[in-house]
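A short worksheet on the structure shown next.
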Amino acid sequence: MIDPPLTLAVADSFLQPMGPVATEQLRYLKYVIFLTMIAVVPVLVATPWILWRYRRSKPTGKYRPNWESNPVLESLMWGVPILVVTLMGVGLWNTTFRLDPYKELGKDPLQISVIGLDWKWIFIYPDEGIALVDELVVPAGRAVELTLTTDTVMQSLRISAIVGQIYAMPAMTTKLNFLAARQGEATGRNTQFTGNGFWKQKFQVFSVSEEEYEARMKKVQASDLALTADTYALLAVQGTAEEAKKALAIEHRRGPIEMVLGDAKIFQRVLARYMVEDMTPESQPGSPSYDPAKSPLPAAPEKPMMDMKM
Amino acid sequence: MFEALFGRLTWDSIILVQEFEDPNLNTFITAGAAAMMPVGGALVVALLFWMKWWKPLFEWLTSVDHKKIGTMYIIFAVIMLFRGVVEGILMRVNQAVGLNGGFLSSDHFNQLFTTHGTNMIFFVAMPFLIGLINIVVPLQIGARDVAFPKLNQISLGLTAVGGFLIMISLLVGEFSTGGWTGYPSFTGRLINPGVGPDYYILSVGISGLGSTLTGVNFAVTIYKMRTAGMSFMRMPLFTWTALCTSILLIYAMPPLTACCLMLGLDRYLDFHFFTNDMGGNLMNFINLFWMFGHPEVYILILPAFGVMSEIAATFSGKRLYGYTGLVAATMCIAVLSFMVWLHHFFTMGQSTTVNAAFGIATLLIAIPTGVKIYDWLATLWGGRIRFTTPMLYLCGFFVLFALGGLSGVILASPALDYQLHNSLFLVAHFHNVIIPGVLFGVLAGIYYWFPKIYGFRLLDGYSRITAFLWAFGFILAFLPLYQVGMMGMTRRTVSYEDPALVPWLVVSGIGALFLGLAFTFVLLTLWRSVVHRKKLMVPFGDPWDGRTLEWWTPAPTPEWNFAVRPRVDSRDAFSEAKAKGTAYQPVEKYEDIEMPANTYYGLIIATLGSGLGFGLVWYMWWLAIICFLGCIVTVITYAFLPERKKIIPAAAVREIDEAWRRAAREGRGVTRDDECKQANQGLARPDLVINP
């Protein structure tokens with residue numbers, strides 16, 4: 047493990063953790079490497095030694111052509127890996143539960159709904175009544191819970207420096223809980239291949255102070271752009287966020303797309319479309335024949351959709 | 063009319079046409095690859111006419127001899143490996159120069175990683191191993207052929223259909239861009255209406271059927287065709303691993319066939335198994351795919367472990383250490399391999415308990431795998447080690463595979479997988495187990511058994527250089543990807559924006575070029591060895607002082623393998639016979655040998671299968687229907703035809719066998735010091751010179 051150069055201002059790796067989850071993951075990685083070395087180092091050391099000692103041209107050890115079993119050696123061979131695996135299993139069990147992405151990292155986490163599109167993410171802040179495209183702003187030190195779905199193929203959202211990844215799938219929701227311990231900037235990205243623009247699908251994560259967060263929310267709440275079924279249909283066209291600006295006729299604006307939440311139930315409506323409709327190539331975002339005009343979202347369901355949690 | 067005849071095939075589907083419409087480096091590469099199909103085909107046909115090889119060609123294609131079928135599998139795998147290596151080089155070089163855009167278009171890159179993966183797993187690794195199993199297993203168990211020779215030919219035919227479809231996609235249309243795993247809904251009808259995913263489904267589905275049949279064939283062969291006295295616990299370890307692989311093939315391939323079929327129904331007939339809407343669920347595909355996909359990993363690695371076991375014993379001149387332990391470990395791995403598939407999608411949102419359970423199950427596999435490596439090291443302990451080419455592969459395997467195991471253990475932890483899943487760390491991991499594990503095993507096995515089947519050794523110098531090039535190229539190409547993956551780079555990206563990644567990816571690109579050189583040396587070794595074959599002949603058939611039955615025949619091995627099937631009363635029967643001096647004693651009684659006659663069955667099925675696949679991909683329904691009905695008629699017809707056998711008279715067998723035994727009794731043979739010299743004619747002299 048070699049640390050990337052520090053000139054890299056934006057953290058995109060858990061090697062420079064910004065939150066408790068990534069910190070623990072890095073610590074556990076080192077622990078696993080250490081434990082595995084107990085089983086691996088003997089092989090790395092013994093291989094050259096045995097090859098040298100028993101080389102045919104000038105051997106130093108005794109020739110034992112019929113030696114094929116030794117109870118002590120046998121029990122070591124099975125015993126050491128069993129011991130290592132047992133120790134590692136305990137660690138695995140504990141970290142898996144401790145770092146469960148569904149586990150809330152604090153009381154009353156900030157709720158953010160995420161819709162994955164080709165090739166951008168919409169972050170909806172229902173409590174603030176706003177939505178951001180390809181930018182996630184969170185207050186440092188506060189627990190956050192993302193609820194994810196997509197309106198195209200499967201995607202996977204990862205913010206390496208803070209937390210791992212979770213799949214987002216159409217018609218289903220998954221959750222990702224995290225907490226950014228300090229202020230800073232990190233990169234989040236989609237790790238699941240989704241087509242030609244896949245490699246461009248990343249977003250900035252800003253972990254800021256409470257005041258900055260409030261100020262930012264106020265600014266977005268004043269936006270003249272609203273996230274409604276109509277603007278949503280335009281965002282769903284394949285392309286990056288920059289390309290979407292053209293469709294929204296705001297290509298001159300710098301920075302991320304900022305919108306007020308015109309339709310508070312948009313997330314539920316996106317989820318519901320796969321329950322009630324037979325999708326056509328025109329109505330399915332991500333399809334080459336997708337047509338925003340022919341892709342109506344259904345009304346939000348009366349009851350909330352079931353959680354993905356098994 | 064045109065549409066009825068050609069379905070959705072149009073002039074523009076031909077890749078070569080696209081080069082004229084939009085010439086650039088990217089289309090030049092696609093067009094170059096496309097042009098290799100007609101040009102290569104024409105060259106092969108011309109060569110066949112020139113050398114008058116048509117008759118021998120059909121002699122081979124209709125043969126049911128397990129050695130010839132095995133050889134054809136390996137030739138097929140080498141051709142596909144050529145394509146796979148070129149694709150790998152293109153991808154790695156593209157990333158090395160690809161900061162903010164490389165020379166490949168995104169769509170082209172996406173097809174490359176899909177075909178590279180599909181090709182390397184289904185049409186390189188599997189045919190290589192099935193080819194080796196075909197060649198070696200009947201010989202190791204003292205049989206004259208496999209249990210179902212015709213079925214064996216059909217398996218090869220169906221594999222060839224898959225190969226045909228993936229190759230023709232270079233020339234006509236395009237291949238899938240959904241990766242070798244082909245997850246819907248990306249590969250579904252709505253998102254990807256083109257021919258790519260259809261090519262993928264049909265090539266993987268049809269060849270998968272062939273692999274299932276191979277599994278059945280070899281499981282029955284090993285259960286039923288062992289020679290007198292060969293109990294299970296006397297079987298050579300390669301045969302044990304072949305048995306486990308066969309069992310895995312029988313149980314693991316059907317989920318793949320099922321999920322390909324279901325995805326096909328989604329695409330062709332508007333079903334909703336894996337669609338986004340109408341209750342379809344893509345998670346079911348992922349589940350089914352990895353129910354096949356994880357055992358598949360062990361289908362590949364177990365026979366390679368078998369090869370390593372044979373090599374460790376032979377080239378250190380002693381018995382295999384811990385035979386029982388190795389058999390137990392192999393069986394453990396086979397069983398456990400069915401219990402871990404979920405670790406391929408820890409990040410799908412299931413409960414922590416499920417993740418933790420599957421993570422621990424994955425760790426458990428590390429135990430028998432570790433035991434195996436220790437057992438091989440203990441086999442070398444107390445031996446007299448000869449550093450021949452297979453030994454070089456074995457040494458490389460010890461060191462590099464241990465690293466692959468380490469990264470595997472890291473990925474087995476759900477907590478870490480949340481970070482490393484879908485990153486280049488994962489890509490580095492599976493190349494780290496497949497190249498030093500599977501490929502080294504296959505190459506070592508080919509060097510080791512080549513003289514047995516073709517009668518001459520491969521040139522030693524060239525083979526050694528090849529081994530070093532593979533190891534060196536692998537280290538350069540894939541170890542940097544661990545670091546790049548931890549730095550956050552995801553797999554399957556045509557380009558990236560972080561300059562810190564460049565140095566690592568440049569090293570990796572250079573490594574890929576070395577791997578290309580290594581492949582060239584494989585061909586070079588073969589060519590130079592064929593040229594010098596007169597000096598490399600090993601007519602007595604035992605060039606390495608072998609321990610198991612396959613070495614107890616002349617080389618090249620006659621069609622009937624054993625003039626008289628040997629009786630065995632121990633594990634290393636041939637070694638013990640040599641030690642007692644009874645290996646080449648005259649045989650009193652020879653009998654007529656009955657061998658299955660050549661048949662066109664496999665060839666007909668392969669041709670019709672290719673037509674069926676191509677017809678379905680392009681919606682040429684008439685072609686698909688005719689070929690499908692043709693397959694059914696063929697199968698029924700052959701079922702009613704009386705079995706044809708050819709009889710090899712006892713006198714002919716006696717003449718050849720007696721001459722071989724007499725010459726072996728009178729010959730002096732060579733000690734292991736002259737193993738790689740011209741003096742080695744395949745007769746081993748008992749070796750008492752060293753440290754008496």
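Protein sequences, first through last, are from chains S and B.
This note's numbering applies: residue 47 is where the first sequence begins, and numbers increase by one.
This note's numbering applies: residue 63 is where the second sequence begins, and numbers increase by one.
A virtual CB, placed ideally from N, CA and C, is assigned to each residue, including glycine.
Remember, it's a predicted structure, so these values are computed and weren't measured experimentally.
For a quick check, are the C-beta atoms of residue i and residue j less than 9 Å apart?
i, j, result
"valine 199 of chain B", "phenylalanine 280 of chain B", "yes"
"aspartate 260 of chain B", "valine 679 of chain B", "yes"
"tyrosine 558 of chain B", "asparagine 162 of chain B", "yes"
"alanine 232 of chain S", "alanine 57 of chain S", "yes"
"tyrosine 663 of chain B", "glutamine 215 of chain B", "yes"
"valine 208 of chain B", "methionine 287 of chain B", "yes"
"isoleucine 361 of chain B", "leucine 311 of chain B", "yes"
"glutamate 372 of chain B", "phenylalanine 300 of chain B", "yes"
"leucine 577 of chain B", "valine 147 of chain B", "yes"
"histidine 39 of chain B", "leucine 543 of chain B", "Lying before the first or after the last residue shown, residue 39 of chain B is absent from chain B, which here runs from 63 to 754."
"threonine 392 of chain B", "tryptophan 532 of chain B", "no"
"glycine 731 of chain B", "glutamine 740 of chain B", "no"
"leucine 227 of chain B", "glycine 692 of chain B", "no"
"leucine 442 of chain B", "tyrosine 100 of chain S", "yes"
Can you have a look at residue i and say buried or exposed, based on whether 16 or more other CB atoms are within 10 angstroms of its CB?
i, result
"asparagine 112 of chain S", "exposed"
"threonine 307 of chain B", "buried"
"tryptophan 73 of chain B", "exposed"
"tryptophan 566 of chain B", "buried"
"histidine 298 of chain S", "exposed"
"glutamate 705 of chain B", "exposed"
"proline 648 of chain B", "exposed"
"proline 51 of chain S", "With a pLDDT of 46 at proline 51 of chain S, under the threshold of 50, the modelled position of that residue is not reliable, and the figure given next carries that caveat. Under this definition proline 51 of chain S is an exposed residue."
"alanine 29 of chain B", "No information on residue 29 of chain B is available, as it lies outside the stretch 63 to 754 that chain B covers here."
"serine 217 of chain B", "buried"
"aspartate 270 of chain S", "exposed"
"glutamine 314 of chain S", "buried"
"aspartate 146 of chain S", "buried"
"aspartate 736 of chain B", "exposed"
Going straight from the alpha carbon of residue i to that of residue j, what length do you get?
i, j, result
"alanine 290 of chain S", "leucine 280 of chain S", "7 Å"
"glycine 503 of chain B", "methionine 551 of chain B", "30 Å"
"leucine 273 of chain S", "leucine 192 of chain S", "19 Å"
"valine 569 of chain B", "histidine 406 of chain B", "28 Å"
"methionine 123 of chain S", "serine 247 of chain B", "46 Å"
"lysine 355 of chain S", "serine 168 of chain B", "Because the pLDDT of lysine 355 of chain S is 41, which lies under 50, any placement of that residue in the model is unreliable, and the number read from its coordinates should be weighed accordingly. Going by the C-alpha atoms only, they are around 35 Å apart."
"leucine 425 of chain B", "leucine 307 of chain S", "47 Å"
"serine 637 of chain B", "alanine 617 of chain B", "18 Å"
"arginine 747 of chain B", "alanine 645 of chain B", "12 Å"
"alanine 261 of chain S", "isoleucine 176 of chain S", "13 Å"
"isoleucine 158 of chain S", "threonine 277 of chain S", "19 Å"
"valine 251 of chain S", "glycine 162 of chain S", "16 Å"
Report all residues from its chain with a CB closer than 8 Å to the CB of residue i; omit the five preceding and five following residues, and keep chain order.
i, result
"glycine 387 of chain B", "Val433, Asp437"
"valine 101 of chain B", "none"
I'd like the list of long-range same chain contacts for residue i, defined as Cβ closer than 6 Å, with 5 residues on each side in sequence excluded.
i, result
"leucine 520 of chain B", "Tyr509, Phe512, Thr587, Ser591"
"tryptophan 116 of chain B", "Leu110"
"glutamine 238 of chain S", "Met200, Gln201, Ser202"
"glycine 499 of chain B", "Ile363, Ala366, Phe463"
Looking only at its own chain, which residues have a Cβ that is under 7 Å from the Cβ of residue i, when we skip the five neighbours before and after it?
i, result
"serine 238 of chain B", "Thr176, Gly244, Thr249, Gly258, Pro259, Tyr261, Tyr262"
"methionine 548 of chain B", "Phe487"
"alanine 97 of chain B", "Leu78"
"methionine 292 of chain B", "Ile203, Gly204, Val630"
Near-chain S residues of the segment 480 to 494 of chain B - C-beta to any C-beta below 8 Å
Tyr480, Gln481, His483, Asn484, Ser485
Closer than 9 Å, Cβ to Cβ, to anything on chain S: give me those residues from the segment 254 to 288 of chain B, in chain order.
Asn254, Pro255, Gly256
Select from the segment 87 to 118 of chain S all residues with a C-beta closer than 7 Å to any C-beta belonging to chain B, and list them in chain order.
Val89, Leu90, Ala92, Thr93, Ile96, Leu97, Tyr100, Arg101, Arg102, Pro105, Gly107, Lys108, Tyr109, Arg110, Pro111, Asn112, Trp113, Glu114, Ser115
Identify each residue in the segment 207 to 230 of chain S for which the Cβ-Cβ distance to at least one residue of chain B is less than 7 Å, and report them in chain order.
Gly210, Gln211, Ile212, Tyr213, Met215, Pro216, Ala217, Thr220
Anything in the segment 161 to 192 of chain B with a Cβ closer than 8 Å to a Cβ of chain S? List those residues in chain order, please.
Per Cβ criterion, the list reads Ser168, Asp169, Asn172.
Just by C-beta distance, which residues in the segment 298 to 332 of chain B are closer than 8 Å to chain S?
Of all residues in the segment 298 to 332 of chain B, none has a Cβ within less than 8 Å of some Cβ in chain S.
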